[in-house]
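Numbering (this note's numbering), first residue to last: 1460 to 1579. Idealized CB from N, CA, C, for every residue including glycine. All figures in this text were calculated on a predicted structure; none of them were measured in a lab.
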């Protein structure tokens, strides 16, 4: 009788814990992290483009490629540059100080027409 009990308990334990790995992967897997990062990137790009349009609407001069926002969203800066790059784009006065100082780890870069150059 004790052998049957051990076998039954063993089978129950195997079935009870066999699905745990898959459930955890589906809940907090690498894909979920990537999707969250992509969503933040998309929000930062949209916010940067909206801010660019607001600056243009106010007739602000963006010809020097200024930083539009050090924190368009948390950890993302919004910058304007020329495409192709010009020496003025490498002037620290025109770069987002939070990105240069490491306070923002990501940036959105738009050209002087508001088109996306890159976001990383």
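Reference residue i, options the options, closest by Cα
| i | options | result |
| --- | --- | --- |
| residue 1501 | 1535, 1553, 1559 and 1524 | 1535 |
| residue 1565 | 1492, 1505, 1578 and 1540 | 1578 |
| residue 1571 | 1559, 1563, 1556 and 1508 | 1508 |
Residue i classed as buried or exposed, judged by whether at least 16 other C-beta atoms fall within 10 angstroms
| i | result |
| --- | --- |
| residue 1568 | buried |
| residue 1532 | buried |
| residue 1552 | exposed |
| residue 1505 | exposed |
Straight-line Cα distance separating residue j from residue i
| i | j | result |
| --- | --- | --- |
| residue 1503 | residue 1537 | 8 angstroms |
| residue 1510 | residue 1527 | 7 angstroms |
| residue 1515 | residue 1494 | 32 angstroms |
| residue 1491 | residue 1499 | 13 angstroms |
| residue 1575 | residue 1522 | 16 angstroms |
Cβ-Cβ distance between residue i and residue j below 8 angstroms
| i | j | result |
| --- | --- | --- |
| residue 1524 | residue 1547 | yes |
| residue 1573 | residue 1512 | yes |
Residue i in three-state terms, based on DSSP
| i | result |
| --- | --- |
| residue 1555 | coil |
| residue 1411 | Because the chain spans 1460 through 1579 in this model, residue 1411 falls outside it and cannot be assessed. |
| residue 1489 | helix |
| residue 1534 | coil |
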